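See structure below.
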Amino acid sequence: MKDSVIEQPNLRPADEVMRLRRMGSMFPSRLSFLRTLTRRLIADGSRVSRPHWQIDGDGFGIAVYTVTLGGHSYSLFAITQPLDPEMRTDRVIAEAWDAAFVLYDGVPDAAEIVRLSSQAPLQEAGRFTQKDLCLSRANKSVRLFEQIVGALRAGSALPMGMIHQIGYLMRTTAVYGNGKFGIADRRVVAQRPGLEGPFIAEMLTVWLIRTFTHDLIEHMGGASLPARVKRQLGIGNSTGLGMAPFLVSHPLLLHSWMICRETALARVRAAQIDEGVAQRLMALARRAAQHLLEWNIPDPMHQARIVTLRQEWARLTQGLTEAGLCQEGAVEALLARSRAGSFDLQELAVSWLIEPFGDLVDGLTECMANPFDPVLQPQMSCDELRALLQEHCAFATEIDFTDPQASGQFWYVSEAKLEPRIGQRQSEPGADRESPLDIARRIQELAKDLTGHSGPIWQFLAQLPEHRYAVQRVQALAQNPYSEIRDNLVDADMAPIDMLRCKLSFFGASKFDPKSQLWTRITLAQGAPLAQDLADGTARDDWWLPVSAP
1 MKDSVIEQPN LRPADEVMRL RRMGSMFPSR LSFLRTLTRR LIADGSRVSR PHWQIDGDGF
61 GIAVYTVTLG GHSYSLFAIT QPLDPEMRTD RVIAEAWDAA FVLYDGVPDA AEIVRLSSQA
121 PLQEAGRFTQ KDLCLSRANK SVRLFEQIVG ALRAGSALPM GMIHQIGYLM RTTAVYGNGK
181 FGIADRRVVA QRPGLEGPFI AEMLTVWLIR TFTHDLIEHM GGASLPARVK RQLGIGNSTG
241 LGMAPFLVSH PLLLHSWMIC RETALARVRA AQIDEGVAQR LMALARRAAQ HLLEWNIPDP
301 MHQARIVTLR QEWARLTQGL TEAGLCQEGA VEALLARSRA GSFDLQELAV SWLIEPFGDL
361 VDGLTECMAN PFDPVLQPQM SCDELRALLQ EHCAFATEID FTDPQASGQF WYVSEAKLEP
421 RIGQRQSEPG ADRESPLDIA RRIQELAKDL TGHSGPIWQF LAQLPEHRYA VQRVQALAQN
481 PYSEIRDNLV DADMAPIDML RCKLSFFGAS KFDPKSQLWT RITLAQGAPL AQDLADGTAR
541 DDWWLPVSAP
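Each residue of the sequence shown is one higher than the one before, counting from 1 in this note's numbering.
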């Protein structure tokens, strides 16, 4: 029977949870999409084969990997080509990469391999079909790649310090799905067992790319890497503003993600910790502390946050005992103590406490897909809408938009790359082409213009149709309180990095490495089971906040 999020008590209020600063402090959890994928691969007894491998000694050529999931076969097509170092960039303006990938529906035959070989390296400029489910590209971490290849060829010690520091052999700069650039629409796979959840096809692509990078470096080095080392090598990713508006343009999906996470926490708060769970929490607390020690980044502001979090985590977990954790109210006490610290501490504690309760919360992942958009309810009365504004929208109505700072930024889509961008309203052109992410401002304007109106909302909208978008979103809050980010997304001090971290935490990303307030590097699938682990029957879903193996 499918799980449900209905009527769960003790949910944290949306006005507390849906704040940018808190969303920008989220950590991956066992509800993250990569974790969901690996559990499904394990449960299905999936196996990975390599039906095509035509790679030369320099690491250039073509490979195909095939995996069966939910009764369907999917293949990763990979092609690597020489790349001028001057063209190697993570920016969206790039036109060439070390490697290009397509997740293919089925197993490509010779003709399809020829087609993919010509089109995959072109990425956005290529021509794709409904057999192509995801599109991706990646660049090498050149220093680490060369060091490992050299060590394997020489039979010398691996550069474990660099492996621990970097954590991946290649870094993707995009993983496209859902009909982008002519590839298959989500509806093609949305009902297939194993791919029903959000972004699962993209996560399968990432996991298979990781497998390819391991094989590629062993092929070039002429020797095998120890499995414990390969588990530490995930896939890097560079991501920027392109994914931030998604959380605004898919409000009901955002609600589904957030309420599942909040429901998981509420269930754990109501549960009794037994001896086995207590032992697990103790071990996970030590792992989290080690993970924080190994998480070091160049940006001084964000590194200072990590250092503070290390200290806070040590204080929160100091004196923890299995007996103490088994006492009634232990979870509530830990959450209360975490609230004395930073948002980083509070959200790390949430992911930590959820982790040992798989039997209690894993079913919630079945509730995270949501294909719907807000629908206008024209018969709702103006009085009912005013009540919703009063209950849910103080975050918008209390902003002073006469202050230029409150509208200091604007979102738009670049003509060159069709990618989201942010402009400075007071100093840059383009505000006349602003994207509708100024939700708080629109809601405030709606609230002002609604004054004095009565009757059904359709009559109000007949006079002022420009408020339709805001009305739909406010109406949605009645049943979907986590559907809105409760902050001003055009404020001069708004940091898009907070939106990125929220979304990436649901992907399962770790070791966030912000390069500015606009983009970040992350690590995906570090610590995840290997294809060989699946084949050996030794794969385990135990890689929350991975740490270096000895």
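Glycine residues also receive a C-beta, built at the ideal position from the N, C-alpha and C atoms.
What you are looking at is a predicted structure, and each value in this text was computed from that prediction instead of being measured.
Reduced DSSP category for residue i - H, G, I as helix; E, B as strand; rest coil
| i | result |
| --- | --- |
| Pro226 | coil |
| Asp274 | coil |
| His453 | coil |
| Asp432 | helix |
| Lys448 | helix |
| Val471 | helix |
| Pro159 | coil |
| Leu437 | coil |
| Cys393 | coil |
| Cys134 | strand |
| Ala36 | The displayed chain sequence assigns Thr, not Ala, to residue 36. If DSSP states are grouped into helix, strand and coil, Thr36 belongs with the helices. |
| Arg521 | strand |
| Phe512 | strand |
| Gly423 | strand |
| Ala349 | helix |
| Ile62 | strand |
| Pro51 | strand |
| Lys417 | coil |
| Trp543 | coil |
| Ser505 | helix |
| Phe145 | helix |
| Phe410 | strand |
Outcome for residue i when other beta-carbon atoms lying within 10 angstroms are tallied against a minimum of 16
| i | result |
| --- | --- |
| Gln130 | exposed |
| Asp98 | buried |
| Arg91 | exposed |
| Gln479 | exposed |
| Leu418 | exposed |
| Ala314 | exposed |
| Val64 | buried |
| Ala470 | buried |
| Glu347 | buried |
| Gln424 | exposed |
| Arg286 | exposed |
| Thr402 | exposed |
| Pro429 | exposed |
| Ser407 | buried |
| Arg143 | exposed |
| Ala111 | exposed |
| Ile93 | exposed |
Within 9 angstroms, strictly: CB atoms of residue i and residue j
| i | j | result |
| --- | --- | --- |
| Trp458 | Gln390 | no |
| Leu385 | Leu450 | yes |
| Ile235 | Ser548 | no |
| Leu225 | Gly177 | no |
| Asn237 | Thr523 | yes |
| Asn488 | Ala340 | no |
| Glu322 | Ala14 | no |
| Ala223 | Leu152 | yes |
| Leu241 | Arg421 | yes |
| Glu355 | Leu281 | yes |
| Pro546 | Gln232 | yes |
| Arg210 | Ala528 | yes |
| Val67 | Leu83 | no |
| His72 | Asp105 | yes |
| Ile55 | Phe77 | no |
| His467 | Glu434 | no |
| Met87 | Ser351 | no |
Beta-carbon proximity list for residue i, same chain, < 8 angstroms, skipping 5 on both sides
| i | result |
| --- | --- |
| Leu293 | Arg310 |
| Arg39 | Asp362 and Asp541 |
| Leu316 | Leu334, Arg337, Ser338, Gly341, Leu345 and Ala349 |
| Val175 | Cys134, Leu135, Ser136, Glu202, Thr205, Val206 and Asn237 |
| Ala539 | Thr38, Leu41, Ile42, Pro529, Leu530 and Asp533 |
Same chain, Cβ closer than 6 angstroms to residue i, neighbours up to 5 away in sequence not counted
| i | result |
| --- | --- |
| Gln405 | Ala492 |
| Thr213 | Leu169 and Met170 |
| Gly537 | none |
| Gly24 | Asp498 and Arg501 |
| Gly194 | Arg40, Leu69 and Gly70 |
Nonlocal neighbours in the same chain, by C-beta distance under 7 angstroms from residue i, ignoring five residues either side
| i | result |
| --- | --- |
| Ala552 | Not covered by the structure: residue 552. The range shown for the chain is 1 to 550. |
| Asp438 | Leu489 and Val490 |
| Val17 | Met258, Glu262 and Tyr482 |
| Ala476 | Pro251, Leu252, Pro374 and Ser483 |
Test: residue i CB closer than 9 angstroms to a CB of chain C
| i | result |
| --- | --- |
| Pro298 | Of the protein chains in this structure there is only one, and it is not chain C. |
Problem - Inside the stretch 66-131 only - beta strand (DSSP E) runs reaching at least 3 residues - result: 72-80 and 99-105
Practice task
Report the residue ranges of all beta strand (DSSP E) runs contained in full by the stretch 168-250; include only those spanning at least 3 residues, in chain order.
Solution key: 168-176 and 234-239
Problem - alpha helix (DSSP H) runs contained entirely in the stretch 292-322, provided each spans 4 or more residues - result: 300-317
Exercise for the section: Write down every uninterrupted run of the alpha helix (DSSP H) in the stretch 352-384 whose length is 4 residues or greater and which is fully enclosed by it, in chain order. Expected result: 358-361
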